[in-house]
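Structure first, commentary second.
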Amino acid sequence: MHRLIVLLAVSACVTSIFAGLRSDERTQEIRKTMCTTRNASVYLDECQEYFATMCIYNENTSTCEELPESICIRGPEHGVFSSIFDCSHSCANGTGPKYCTDEPYEPSDSDNCTGLNNRAWFYNMTAQECQQHNTCNHRWQMPKGVNGFGHWYFCEENCRGFHIGNINGSEDRECTVSCTGDPPAICPENRTSEGSTRYFYNETSEKCEEYQACDWEKDLQGINYFIRKDFCELECGKTNTSSQEHSEEPVFSS
1 MHRLIVLLAV SACVTSIFAG LRSDERTQEI RKTMCTTRNA SVYLDECQEY FATMCIYNEN
61 TSTCEELPES ICIRGPEHGV FSSIFDCSHS CANGTGPKYC TDEPYEPSDS DNCTGLNNRA
121 WFYNMTAQEC QQHNTCNHRW QMPKGVNGFG HWYFCEENCR GFHIGNINGS EDRECTVSCT
181 GDPPAICPEN RTSEGSTRYF YNETSEKCEE YQACDWEKDL QGINYFIRKD FCELECGKTN
241 TSSQEHSEEP VFSS
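First residue of the sequence shown: 1, per the working numbering; consecutive thereafter.
Here's what the structure looks like:
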């Protein structure tokens with residue numbers, strides 16, 4: 001199995017001073033609490049049987065991963081994430097799965113493989129997109145931790161947003177998040193209903209503000225992008241880290 005050599009260009013990252021980030025131990029403690037306080041139960045009230053594979057932060061491995069089973073779909077206010085990238089960006093210093101840099105899992109040049117569903121998906125790190133490839137493996141029986149997925153959705157969930165400049169993350173988060181600049185992936189006015197609610201820090205108003213995010217852009221790192229308002233306030237200076245409390249506790253329903 002070959003893997004792309006991943007190099008981080010130091011010059012491509014702004015320092016935490018210019019990014020306006022906090023990096024004290026108390027902030028890290030609060031972030032960890034936010035990332036590990038969740039409702040990952042299978043059902044939620046009024047979920048209408050709509051299930052999805054969601055992601056969580058694993059505090060034992062300090063990485064983000066898919067839940068082993070699908071659960072009733074829910075928003076980030078419940079402490080779970082719709083993609084590894086959003087989880088990693090919020091909780092794991094931006095570190096992405098190394099298998100996203102691998103070559104496609106066991107590709108085949110043959111169109112005559114026995115069995116059905118032998119067109120699988122893999123993440124092309126150079127193109128920064130999910131693409132199809134032939135394989136003699138059943139696409140729904142791909143092992144975990146490889147660059148091979150049964151559907152475009154699962155490829156996107158695992159690898160979308162990562163590239164050779166950000167896959168290794170940043171211990172001090174300076175290459176991951178920023179409190180300056182415009183937020184990424186802003187929806188055009190005619191597509192706001194298609195977007196996902198995200199937050200950014202507005203330097204003018206000195207507040208974390210909501211916006212709608214649509215099509216993800218390539219080569220992004222050090223971005224003014226937060227999955228929840230409390231993550232934005234924690235990073236950008238509006239949370240009182242001397243207290244046990246932080247603003248906008250996640251709302252968990254049973």
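Positions of the beta carbon are idealized from the N, C-alpha and C atoms, including for glycine.
Exercise. Where do the ends of the beta strand (DSSP E) carrying Tyr201 lie?
Worked result: To locate residue 201, count along the sequence shown from 1; it is residue 201. 196-202 is the span of the beta strand (DSSP E), which, as asked, contains Tyr201.
Problem set entry | Helix, strand or coil at Gln256 according to DSSP, with G and I counted as helix | Outside the shown range of the chain, which is 1 to 254, sits residue 256, and nothing can be said about it.
Exercise. Which value, in whole angstroms, describes the spacing of the CA atoms of Ser90 and Cys136?
Worked result: What you label residue 90 is simply residue 90 of the sequence shown in a count that begins at 1. What you label residue 136 is simply residue 136 of the sequence shown in a count that begins at 1. Taking the straight line joining both Cα atoms gives about 37 Å.
Problem set entry | Contacting residues, own chain, Cβ-Cβ under 6 Å from Ser108 (five flanking each side not counted) | Against the sequence shown, residue 108 aligns to sequence position 108. Only Asn134, Thr135, Cys136 meet the Cβ criterion.
Problem set entry | Range covered by the alpha helix (DSSP H) that runs through Ile73 | Position 73 of the sequence shown, counting from 1, holds the residue named residue 73. Counting along the chain, Ile73 falls outside any alpha helix (DSSP H), and DSSP gives it neither H nor E.
Problem set entry | Whole-number beta carbon distance between Asn124 and Gln132, since they are thought to touch under 8 Å | Counting from one through the sequence shown, the residue named residue 132 turns up at place 132. Counting from one through the sequence shown, the residue named residue 124 turns up at place 124. Not confirmed; about 10 Å, so no contact.
Problem set entry | Length of the line joining the Cα atoms of Ile186 and Ser82 | Here the question's residue 186 lines up with position 186 in the sequence shown. Here the question's residue 82 lines up with position 82 in the sequence shown. Answer to the nearest angstrom: the Cα atoms are 18 Å apart.
For this session: To the nearest angstrom, report how far apart Ser193 and Phe51 are at their CA atoms.
Result: Indexing the sequence shown from 1 puts residue 193 at position 193. Indexing the sequence shown from 1 puts residue 51 at position 51. Straight-line Cα distance between these residues: approximately 21 Å.
For this session: Locate the beta strand (DSSP E) running through Cys64, then write down its first and last residues.
Result: Locating residue 64 in the sequence shown gives position 64, counting from the first residue. Here the beta strand (DSSP E) through Cys64 covers 63-66.
Problem set entry | Same chain only: Cβ atoms within 6 Å of Asn58, ignoring 5 sequence neighbours per side | Counted from its first residue, the sequence shown places residue 58 at position 58. Excluding sequence neighbours, Asn58 sits near Glu65.
Exercise. Do Cys87 and Trp121 have their C-beta atoms closer together than 8 Å?
Worked result: Here the question's residue 87 lines up with position 87 in the sequence shown. Here the question's residue 121 lines up with position 121 in the sequence shown. Their beta carbons are not under 8 Å apart, which means Cys87 does not touch Trp121 by this criterion.
For this session: State yes or no: is the C-beta of Tyr201 within less than 8 Å of the C-beta of Cys179?
Result: Residue numbering aside, residue 201 sits at position 201 when the sequence shown is read from its first letter. Residue numbering aside, residue 179 sits at position 179 when the sequence shown is read from its first letter. Yes. Within cutoff.
Exercise. Straight-line CA distance for Ile227 to Tyr105?
Worked result: Here residue 227 refers to the residue found at position 227 when the sequence shown is read from its first residue. Here residue 105 refers to the residue found at position 105 when the sequence shown is read from its first residue. So the alpha carbons of these two residues sit roughly 31 Å apart.
Exercise. DSSP state of Cys179, grouped into three classes?
Worked result: Translated into the one-based positions of the sequence shown, residue 179 becomes position 179. Coil.
Exercise. Which residues mark the beginning and the end of the alpha helix (DSSP H) in which Trp152 is found?
Worked result: Against the sequence shown, residue 152 aligns to sequence position 152. 152-159 is the span of the alpha helix (DSSP H), which, as asked, contains Trp152.
For this session: Would you list the residues sitting across from Gly209 in a DSSP beta bridge?
Result: Within the sequence shown, numbered from 1, the residue matching residue 209 stands at position 209. Per the sequence shown, the amino acid found at residue 209 is Glu instead of Gly. Note: Glu209 sits in a beta bridge opposite Phe200.
For this session: Give every residue of the same chain whose Cβ lies closer than 6 Å to the Cβ of Ala213, excluding the five residues on either side of it in the sequence, and list them in chain order.
Result: Along the sequence shown, one-based indexing puts residue 213 at 213. Same-chain partners within the cutoff: Ala185, Gly195, Ser196, Arg198.
Exercise. Just the Cα atoms here: how many angstroms apart are Asp219 and Asp172?
Worked result: By 1-based counting over the sequence shown, the position of residue 219 is 219. By 1-based counting over the sequence shown, the position of residue 172 is 172. When rounded, the distance between both Cα atoms is 19 Å.
For this session: Give me the Cα-Cα distance between Thr101 and Ile84, rounded to the nearest whole angstrom.
Result: Numbered from 1 along the sequence shown, position 101 holds the residue referred to as residue 101. Numbered from 1 along the sequence shown, position 84 holds the residue referred to as residue 84. The straight-line gap from Cα to Cα measures roughly 14 Å.
For this session: Indicate the three-state DSSP secondary structure (helix, strand or coil) for Cys91 in the structure shown.
Result: Residue numbering aside, residue 91 sits at position 91 when the sequence shown is read from its first letter. If DSSP states are grouped into helix, strand and coil, Cys91 belongs with the helices.
Exercise. With DSSP run on the structure shown, which of helix, strand or coil describes Asp86?
Worked result: Translated into positions along the sequence shown, residue 86 becomes position 86. Asp86 falls in the helix class under three-state DSSP.
Exercise. Nearest-angstrom Cα distance between Arg26 and Glu235?
Worked result: Taking the first residue of the sequence shown as 1, we reach residue 26 at position 26. Taking the first residue of the sequence shown as 1, we reach residue 235 at position 235. Between Arg26 and Glu235, the C-alpha separation is close to 12 Å.
For this session: Out of Gln128, Ser62, Phe149, Glu129, state which residue places its alpha-carbon closest to the alpha-carbon of His138.
Result: Here residue 138 refers to the residue found at position 138 of the sequence shown. Comparing Cα positions, the closest option is Phe149.
For this session: Mind checking which residues open and close the alpha helix (DSSP H) that includes Cys232?
Result: Counted from its first residue, the sequence shown places residue 232 at position 232. It spans 229-236 - the alpha helix (DSSP H) in which Cys232 sits, taken as one unbroken run.
For this session: Excluding the 5 residues preceding and the 5 following Leu67 in the sequence, name in chain order all residues of the same chain whose CB lies nearer than 8 Å to its CB.
Result: For the purposes of this step, residue 67 is identified with residue 67 of the sequence shown, where counting begins at 1. Same-chain partners within the cutoff: Ala40, Thr53, Met54, Cys55, Ile56, Val80.
Exercise. Count the other CB atoms within 10 Å of the CB of Val286; is the residue buried (16 or more) or exposed (fewer)?
Worked result: The question about residue 286 has no answer here: the residues shown for the chain are numbered 1 through 254.
Exercise. What separation, rounded to the nearest whole angstrom, lies between the Cα atoms of Gln128 and Glu29?
Worked result: Position 128 of the sequence shown holds residue 128. Position 29 of the sequence shown holds residue 29. Going from the Cα of Gln128 to the Cα of Glu29 covers about 33 Å.
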